[in-house]
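Peer 1: First, the structure itself, so that you have it in front of you.
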Amino acid sequence: NKWVTAAKAEVRGDVEIDFLAGPSEVLVVCDGTADPDLVASDLVAQAEHDPNASVVAVTADEATAAAICEAVDEQVPGREREAIIGDALDHDASGVLLARSMSEAVLFAEEYAAEHLSIQADDDEAILDRIESAGSVFLGQHTPVAAGDYASGTNHVLPTNGGAKRFGGLSVDTFLRSTTVQRLDETDLDDLSAAITTLAAAEGLEAHAESVRRRFD
């Protein structure tokens, strides 16, 4: 939530944090085989988090897009957090988008790099193969985003605001560091020497090049 993110921003110069995240996001990529009621339920569920949440569905099927909008309108009234859901649905970062093709919808998903990406389509794994940027992916109509929130076992701390283009969700690797080690024999160094000395000369770092040449004197 925004309070946790604000606290992380306050202390990140003094202690290691994972990353600044939020508000919540969901993008549902769906085709004409998707159940509009289930797509709508995933949108409403994420809208429930925060009035600034971004909830988006994209499809190339006009009838599906219209049915999703209708289902959302039916599912919101009477909920305990109706006002929050309404605010999230009404702002400019939320909506149901109609693409010219499913290929365009997938390209949009890759560019959007959503925190939560739900793929509800006939060939969901083929779509997944074209996705490189998403915090967590939910495949098929029986995999609601809420499963990842609570029970399916994946981490719930995920990058937002396009952060999935640069890094993944929180894991133990976030707080680990690696040390690289290299050993070259004479043949290895000879193979690399031309590249090293050429690059060193281009940077005006003659001593770098000399440290290689001396090993062959």
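Using the numbering used here, the first residue of the sequence shown is number 294, and each one after it goes up by one. Ideal Cβ placement from N, Cα and C applies to all residues, glycine included.
Would you give the residue range spanned by the alpha helix (DSSP H) that Phe509 belongs to?
Peer 2: It is not in any alpha helix (DSSP H) - Phe509 carries neither H nor E in the DSSP assignment.
Peer 1: Taking only the alpha-carbon atoms, compute the straight-line gap between His384 and Phe468 and give it to the nearest angstrom.
Peer 2: Rounded to whole angstroms, His384 to Phe468 spans 35 Å at the Cα level.
Peer 1: Three or more beta-carbon pairs under 8 Å between the stretch 362-381 and the stretch 327-343, yes or no?
Peer 2: Counting Cβ pairs under 8 Å, three or more are found: they touch.
Peer 1: In its own chain, which residues sit with a C-beta less than 8 Å from the C-beta of Lys458, not counting the 5 before and 5 after it?
Peer 2: Excluding residues within five positions, the ones whose Cβ falls inside 8 Å are Ala406 and Ser426.
Peer 1: For the beta strand (DSSP E) that contains Leu336, what are its first and last residues?
Peer 2: Leu336 -> not in any beta strand (DSSP E); alpha helix (DSSP H) instead, spanning Pro329 to Ala340.
Peer 1: Report the option in Asp415, Gln413, Cys362 and Glu404 whose CA atom is closest to the CA atom of Val389.
Peer 2: Of the candidates Asp415, Gln413, Cys362 and Glu404, the one whose C-alpha sits nearest the C-alpha of Val389 is Cys362.
Peer 1: State buried or exposed for His435, treating a residue as buried only when at least 16 other CB atoms are found within 10 Å of its CB.
Peer 2: Per the 10 Å Cβ criterion, exposed.
Peer 1: Which residue comes first and which comes last in the alpha helix (DSSP H) that contains Phe401?
Peer 2: Residues Met395 to Tyr405.
Peer 1: Buried or exposed: Leu485, going by 16 or more other Cβ atoms within 10 Å of its Cβ?
Peer 2: That one is exposed.
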